[in-house]
Structures are given as structure tokens and as C-alpha cells.
Amino acid sequence: MADLMRYAGKAEGRVQGVGFRMFVQQNAIDLGVTGWVRNMEDGTVDMEIQGSEDKLTALEAAIRKGNYFINVKAFSLDAIPVVDGETTFKIRY
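Each residue of the sequence shown is one higher than the one before, counting from 89 in our numbering.
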């Protein structure tokens with residue numbers, strides 16, 4: 089199994105009310121990435137993503153690209169400790 093990495097991320101831009109959390113969740117599930125995503129009161133979206141480096145790079149690229157509705161103006165990632173035993177990617181409320 090590839091070495092796992094975990095990042096805390098923050099997305100800014102047109103990322104609320106446009107299906108962004110479901111977009112992140114679906115891309116994460118398709119890639120086999122675990123973690124969570126949630127809207128914040130300031131209009132940003134926070135997330136934690138965990139997986140192998142190549143999968144996380146692919147997810148980051150999808151998030152930065154967005155889609156017709158989603159426009160990510162800024163996206164930051166900071167390395168944090170891996171969560172052992174995590175098996176899903178959830179939308180938090």
C-alpha cells in the first residue's frame with residue numbers, strides 16, 4: 089500500500105451553493121481518497137483529504153479546475169497527521 093498523506097485544505101471563490109462539496113466528495117470517492125468537506129460561515133469550504141500522493145495530486149487538480157458552476161479562486165493545502173483507519177469521504181454539516 090502506498091504511503092498515506094493527509095492535508096487540511098481551504099477553498100475560496102464560488103464554492104458554496106454550487107454543489108462544490110458533492111463535487112469534491114465524488115472526485116474523492118472516484119480516486120479512493122478519504123476525508124471530509126464542509127462549508128464554513130465565511131463562505132469558504134474546509135476539507136481534510138487523505139490518500140497516496142498521486143491520488144491527492146489528482147484531487148487537487150480537479151478541485152482547482154472546478155466546473156461550469158464552481159470557480160475556485162484560492163486553494164491551500166497544509167500537511168497534517170494521517171488518521172488511521174479512515175475508510176470514507178463525508179460531507180460534514
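Beta carbons are placed, not taken as given, at the ideal position from N, Cα and C, and that holds for glycine.
Notebook entry, point to check: Skipping 5 residues on each side, what residues in its chain have a beta carbon closer than 8 Å to that of residue 107?
Noted result: Residue mapping note: residue 107 aligns to position 19 of the sequence shown, counting from 1. Here residue 107 has 157 and 158 as same chain residues with Cβ atoms under 8 Å from its own Cβ, once five neighbours each way along the sequence are excluded.
Next item on the list: Report yes or no: do three or more beta-carbon pairs, one from the region 160 to 168 and one from the region 121 to 129, lie closer than 8 Å?
Entry: Result no; under three Cβ-Cβ pairs closer than 8 Å.
Next item on the list: Please list, in chain order, all residues of the same chain as residue 179 whose beta carbon is under 8 Å from its beta carbon, the five residues on each side excluded.
Entry: Counting from one through the sequence shown, the residue named residue 179 turns up at place 91. Non-local beta-carbon contacts of residue 179 in its own chain, meaning distances under 8 Å to residues more than five positions away in sequence, involve 109, 110, 113, 124, 125 and 126 in chain order.
Margin query: On the criterion of 16 or more Cβ atoms from any shown chain inside 10 Å, does residue 152 qualify as buried, or is it exposed?
Written below: Sequence index remark: in the sequence shown, residue 152 carries index 64 (1-based). Under the 10 Å beta carbon count, residue 152 is surrounded by fewer than 16 other beta carbons and is classified as exposed.
Notebook entry, point to check: residue 103: buried (16+ other C-beta within 10 angstroms of its C-beta) or exposed?
Noted result: Taking the sequence shown and counting its residues from 1, one reaches residue 103 at position 15. So residue 103 counts as buried.
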